[in-house]
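Colleague: In terms of the numbering used here, the sequence shown opens at residue 5 and continues consecutively. Quick reminder that beta carbons are idealized off the backbone N, C-alpha and C, glycines included.
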Amino acid sequence: MTRRIFIDKQSPKAYHALVQTSEAVRATAADAGLERTVVELVNLRVSQLNGCAYCLDVHTRAALREGETTRRLGVLAAWRDTDLFSPLERAALALAEATTVPSDAAAQETAYAEALEVLTEDQISALIWVAVTINAFNRVSVLSKHPVRPRLAERPAGDG
Numbered sequence: 005m006t007r008r009i010f011i012d013k014q015s016p017k018a019y020h021a022l023v024q025t026s027e028a029v030r031a032t033a034a035d036a037g038l039e040r041t042v043v044e045l046v047n048l049r050v051s052q053l054n055g056c057a058y059c060l061d062v063h064t065r066a067a068l069r070e071g072e073t074t075r076r077l078g079v080l081a082a083w084r085d086t087d088l089f090s091p092l093e094r095a096a097l098a099l100a101e102a103t104t105v106p107s108d109a110a111a112q113e114t115a116y117a118e119a120l121e122v123l124t125e126d127q128i129s130a131l132i133w134v135a136v137t138i139n140a141f142n143r144v145s146v147l148s149k150h151p152v153r154p155r156l157a158e159r160p161a162g163d164g
């Protein structure tokens, strides 16, 4: 494998600005009345679409800390095929997907129309910002190849 530069470490000022943006977006989402679990579901779904193992690890742990269930996390990739998610969560997930894959104009229009039925304008704006921000973090981690290492308690017997 080609050696990778951790661009967050190589360009710390730029990365710090992204972190500050993320903090502002988190506050915007809270101000809009969005529960943290909804934000984490969006972070996870976008990270699934982008194949970002590092962000999936980080946001799975965050979602569990916020009270999310392993059952819902386990079926998140197929959220449309289950009744486990509320109308608000479904609208948020569709909007996150439309933000992540903007080339599907029909899906984007459908997601936006559904969001307008369920979410406030402040919530729609906040959720799009959540998706935009996690997409940026996904790019940082995917292109840097940030590793996901087993934690001590997760290592199989015989691993050092």
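How would you call Arg49, buried or exposed, if buried means at least 16 neighbouring beta carbons within 10 angstroms?
Modeller: By one-based count along the sequence shown, residue 49 stands at place 45. Buried, by the Cβ-count rule.
Colleague: When the Cα of Ala28 is compared with those of Val136, Trp83, Leu156, Thr6, which residue comes out closest?
Modeller: The residue labelled residue 28 in the question sits at position 24 within the sequence shown. Selected option, being the one with the closest Cα: Val136.
Colleague: Under 7 Å Cβ to Cβ from Ala81, same chain only, skipping five residues before and after it: list those, please.
Modeller: Mapped onto the sequence shown, residue 81 falls at position 77. Counting only Cβ-Cβ distances below 7 Å, and skipping sequence neighbours, we find Gln52.
Colleague: Glu44 and Ala21 look like a contact to me (Cβ under 8 Å); what is the Cβ gap, rounded to whole Å?
Modeller: Taking the first residue of the sequence shown as position 1, residue 44 is located at position 40. Taking the first residue of the sequence shown as position 1, residue 21 is located at position 17. Not quite, the Cβ-Cβ distance comes to about 22 Å (not below 8 Å), so this is no contact.
Colleague: Rounded to whole angstroms, what is the Cα-Cα separation between Ile9 and Ser145?
Modeller: In the sequence shown, the residue the question calls residue 9 occupies position 5. In the sequence shown, the residue the question calls residue 145 occupies position 141. If I take the Cα positions, the gap works out to 10 Å.
Colleague: What ranges does the alpha helix (DSSP H) occupy inside the stretch 70 to 102, keeping only unbroken runs of at least 4 residues that lie completely in it?
Modeller: Counting only runs of 4 or more, we get 74 to 78.
Colleague: Once the 5 residues before and after Glu118 are set aside, which same chain residues still bring their CB inside 7 Å of it?
Modeller: By 1-based counting over the sequence shown, the position of residue 118 is 114. Counting only Cβ-Cβ distances below 7 Å, and skipping sequence neighbours, we find Ala95, Ala98.
Colleague: Between which two residues does the alpha helix (DSSP H) holding Glu39 run?
Modeller: The sequence position of residue 39 within the sequence shown is 35, counting from 1. It is not in any alpha helix (DSSP H) - Glu39 carries neither H nor E in the DSSP assignment.
Colleague: For Phe10, does the three-state DSSP call read helix, strand or coil?
Modeller: Along the sequence shown, one-based indexing puts residue 10 at 6. Reduced to three states, the DSSP call for Phe10 is coil.
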